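K.L.:
I'd like to ask some things about the structure below.
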Amino acid sequence: MNKPPAEQIKVYLEHYGCTANRLDSEILAGLLEQAGYQLVSSPKEANVAIINTCIVKGPTQRKMERRIRELYSRLPVIVAGCFPQALKEYLIEKFPGISLVGCYSLHRIAEAVEAALSGRQCVFTDIEVTAEEKLALPKCRFNPLVEIVVIADGCIGACDYCVVKLARGWLKSASKEKIAKRIKHAVEKEGVKEVFLTAQDTGIYGLDINSSLVELLKEILSSTNKFFKLRIGMMNPRAFMLLQEELLELFEDERLYRFLHLPVQTGSNRLLQIMNRLYRAEEFLEAVKAVREFDKFFTVITDIIVGHPLETEEDYQQTLELVKEAEPDNVFVSRFEPRPWTRAAEYRQLPGWLVKRRSRELVRLVHELARKRNEQWIGKKTRILVDKEPDARNDYYKIVVTGDKFAPGEVKEVVIRGADHQQLYINS
């Protein structure tokens with residue numbers, strides 16, 4: 060088959076999932092541009108499509124499969140990311156001949172495009188590129204003001220409901236020096252205003268290389284005097300408690316968003332033990348109390364799973380009580396759905412109507428508490444960084460709707476005039 064030169068080949072890239080997946084998509088885009096391919100915004104214009112996938116939730120998996128099937132019938136498709144890394148046999152059986160590029164083989168995407176255009180299948184799912192090696196790969200930022208850094212891949216847990224471990228594996232941290240060097244360059248040479256540190260659990264960063272999140276943050280903050288905002292990604296409550304004193308000292312630095320994402324999953328200690336979550340609900344509450352005593356406006360968000368197969372009504376009520384006591388700024392509420400190769404998938408599932416009822420009740424409570432938290436800002440002055448028009452973030456990582464008053468990258472002082480459960484407004 061005669062193929063056109065690379066610069067005439069158009070590639071469509073679509074992505075799903077977390078911040079780490081967004082970075083992987085930026086790397087895929089950078090590698091494709093480096094190889095001379097042209098990225099396009101619609102599959103109708105493309106010679107080949109790449110779907111960068113997530114494996115966390117069942118509804119997302121079904122949505123991705125529908126999308127893969129739709130594109131697969133029209134043009135060559137490459138499935139990248141966590142889905143092929145965790146479940147390659149499933150994809151090969153479901154979509155015969157499809158090419159796969161796992162989350163640790165991104166650097167081979169040009170080979171995969173070449174193979175797909177030639178009608179050949181390729182499967183790259185070995186662990187070839189670590190988080191540290193990813194720091195050196197080219198990328199095309201979707202937001203030129205934001206630098207995403209995966210500080211570690213994998214985790215040290217074995218939660219009974221989680222399939223991500225199949226894709227991301229055990230903890231593999233990048234060196235603090237290389238991370239800081241990358242961030243320094245992005246901030247000083249590339250105009251970056253925000254840096255997102257991400258991992259499956261940022262709190263365990265460095266356990267495998269005799270380092271820690273605190274040491275990493277000190278390295279980053281001392282590497283440059285230039286102003287930027289730094290967001291720490293999710294960490295489990297116990298990890299925070301172990302680092303609490305030193306972390307709170309670091310939050311005195313204005314460059315750190317006063318924001319934490321502490322996934323608690325349930326308010327029931329019995330269920331936490333079944334899930335194999337290695338902390339108690341009280342540790343989450345202690346963490347929230349500590350940061351709110353440090354600064355009452357400190358933003359805390361969390362994750363909760365409703366409808367685990369072994370969740371009783373008492374377990375659920377304990378979750379409601381925990382949320383009422385903690386008053387989180389936001390909660391990502393997920394309805395439990397069994398994931399392949401997990402222990403929780405083996406249990407008899409709760410009735411769908413019950414899970415839906417609990418989920419809706421919890422979401423109503425979360426919205427009520429989030430609105431209450433946000434309304435505290437009305438009438439107060441706050442500093443914002445405009446990251447994308449018309450939205451900005453204040454020092455507590457709250458969304459502030461600015462309209463078209465400011466340009467991306469500007470830092471301004473504004474007064475909050477209105478609020479709802481999602482965001483703050485400078486116009487009432």
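Counting from 60, one number per residue, gives the positions in the sequence shown under the working numbering.
Glycine included, each C-beta is placed from N, C-alpha and C at the ideal position.
Quick caveat, the model's predicted, so the values are computed rather than measured.
#1: Confirm, please, whether the CB-CB distance from residue 399 to residue 408 is below 8 Å.
#2: Quick one: what does DSSP say residue 378 is sitting in, helix, strand or coil?
#3: Kindly give me the distance between the Cβ atoms of residue 73 and residue 198, rounded to whole angstroms, as I take these residues to be in contact under 8 Å.
#4: In three-state terms, what does DSSP make of residue 149?
#5: Note down, in chain order, each residue of its chain lying with its Cβ closer than 7 Å to the Cβ of residue 388, except the 5 sequence neighbours on either side.
#6: In chain order, which alpha helix (DSSP H) runs of at least 4 residues are fully inside the segment 77-135?
#7: For a minimum of 3 consecutive residues, which ranges assigned as the beta strand (DSSP E) are wholly contained in the segment 188-262?
#8: Would you mind stating whether residue 298 and residue 260 have Cβ atoms separated by less than 8 Å?
#9: Since residue 158 is in the beta strand (DSSP E), which residue starts that stretch and which ends it?
#10: Could you name the residues of the same chain whose beta carbon sits closer than 8 Å to that of residue 426, not counting the 5 residues immediately before and after it, in chain order?
#11: Under 8 Å, with one C-beta from each stretch per pair, do the segment 164-173 and the segment 116-132 reach the 3-pair mark?
#12: Apart from the five residues just before and just after residue 472, which ones in its own chain have a Cβ nearer than 7 Å to its Cβ?
#13: Do residue 134 and residue 468 count as a contact pair if the criterion is CB distance below 8 Å?
#14: Would the beta-carbon of residue 87 be found less than 7 Å away from any heavy atom of the ligand NAD?
#15: Short of 8 Å in beta carbon distance, which residues of its chain neighbour residue 70, apart from the five on each side in sequence? Order them along the chain.
#16: Report yes or no: do three or more beta-carbon pairs, one from the segment 330-344 and one from the segment 213-233, lie closer than 8 Å?
#17: What span of residues does the alpha helix (DSSP H) with residue 281 cover, start to end?
#18: May I have the straight-line CA-CA distance separating residue 437 from residue 474, to the nearest angstrom?
#19: Should the segment 335-355 be regarded as contacting the segment 368-376, the criterion being three or more beta carbon pairs within less than 8 Å?
#20: Considering only the alpha carbon of each residue, which of 141, 137, 68 lies closest to residue 75?
#21: For the beta strand (DSSP E) holding residue 318, just list the boundary residues, first then last.
#22: My understanding is that residue 507 touches residue 257, with C-beta atoms under 8 Å, so please give their C-beta distance in whole angstroms.
#23: Could you check whether residue 288 and residue 314 sit closer than 8 Å to each other, using their CB atoms as the reference points?
#24: Can you grab the Cα-Cα spacing for the pair residue 295 / residue 120, in whole Å?
#25: So what does DSSP say about residue 472, is it helix, strand or coil?
#26: By DSSP's criteria, residue 74 is part of a beta bridge. Which residues make up the other side?
#27: Let me make sure I understand the geometry here. Which of 453, 394, 486 has the alpha-carbon closest to that of residue 118?
#28: Taking the straight line between their C-alpha atoms, what separation do you get for residue 180 and residue 402?
#29: With DSSP as the reference, label residue 488 as helix, strand or coil.
#30: Taking DSSP as the reference, what is the three-state secondary structure of residue 457?
#31: Which residues in the same chain as residue 319 place their Cβ atom closer than 8 Å to its Cβ, once the five residues preceding and following it in sequence are excluded?
#32: Does the Cβ-Cβ distance between residue 362 and residue 343 come in under 8 Å?
#33: Between the alpha carbons of residue 202 and residue 406, how many angstroms are there, rounded?
#34: Mapping DSSP to helix, strand and coil, what is residue 393?
#35: Please state whether the Cβ-Cβ distance between residue 306 and residue 273 is less than 8 Å.
#36: To the nearest whole angstrom, what separates the beta carbons of residue 233 and residue 191, a pair I think is in contact under 8 Å?
P.N.:
To lay it out plainly:
#1: It is not a contact, given that the beta carbons lie outside the stated cut-off.
#2: DSSP places residue 378 in helix when its eight states are reduced to three.
#3: Actually they do not touch by this definition, with Cβ atoms about 17 Å apart.
#4: Residue 149 falls in the helix class under three-state DSSP.
#5: By the criterion of a C-beta distance shorter than 7 Å, residue 388 is surrounded in its chain by 358, 359, 360, 429, 432, once the five residues flanking it on both sides are discounted.
#6: Under the rule that a run must span 4 or more residues, the alpha helix (DSSP H) segments found entirely inside the segment 77-135 read 78-93, 117-131.
#7: The segment 188-262 contains these whole beta strand (DSSP E) runs: 205-209, 253-257.
#8: In this structure, residue 298 places its C-beta atom within 8 Å of the C-beta atom of residue 260.
#9: It spans 158-161 - the beta strand (DSSP E) in which residue 158 sits, taken as one unbroken run.
#10: If we look at residue 426 and ignore the five residues flanking it on each side, its Cβ neighbours are 480.
#11: Contact fails between the segment 164-173 and the segment 116-132, because fewer than three Cβ pairs, one in each stretch, are under 8 Å apart.
#12: Taking C-beta separations shorter than 7 Å and ignoring five residues to either side along the sequence, the partners of residue 472 in its chain run 440, 442, following chain order.
#13: For residue 468 and residue 134, no; Cβs fall outside 8 Å.
#14: The ligand content of the structure shown is nil, which means the ligand NAD is not present either.
#15: Cβ neighbours of residue 70 beyond the five flanking positions: 91, 96, 97, 98, 99, 105, 106, 107, 108, 109, 172.
#16: Flag = yes, the segment 330-344 and the segment 213-233 touch.
#17: Residue 281 -> alpha helix (DSSP H) spans 272-282.
#18: Here the alpha carbon of residue 437 sits roughly 8 Å from the alpha carbon of residue 474.
#19: The segment 335-355 vs the segment 368-376: no contact.
#20: Residue 141 is the option with its Cα nearest to residue 75.
#21: Per DSSP, residue 318 belongs to the beta strand (DSSP E) from 318-320.
#22: Since the first and last residues shown for the chain are 60 and 487, residue 507 lies out of range.
#23: Annotated as proximal: residue 314 and residue 288, with beta-carbon spacing under 8 Å.
#24: Between residue 295 and residue 120, the C-alpha separation is close to 25 Å.
#25: Three-state DSSP puts residue 472 in a strand.
#26: The partner list for residue 74 (beta bridge, DSSP) reads 111.
#27: Ranked by how close their Cα comes to the Cα of residue 118, the residues 453, 394, 486 have 394 in first place.
#28: Taking the straight line from one Cα to the other gives about 33 Å.
#29: Here the chain comprises residues numbered 60 to 487, so residue 488 is not present and cannot be evaluated.
#30: Of the three classes helix, strand and coil, the one that applies to residue 457 here is coil, per DSSP.
#31: 291, 294, 299, 346, 350, 357, 358, 359, 360.
#32: No, the Cβ-Cβ distance between residue 362 and residue 343 is not below 8 Å.
#33: Straight-line Cα distance between these residues: approximately 42 Å.
#34: Strand, per DSSP.
#35: Contact flag set, yes.
#36: About 4 Å separates the two Cβ atoms, so the contact holds.
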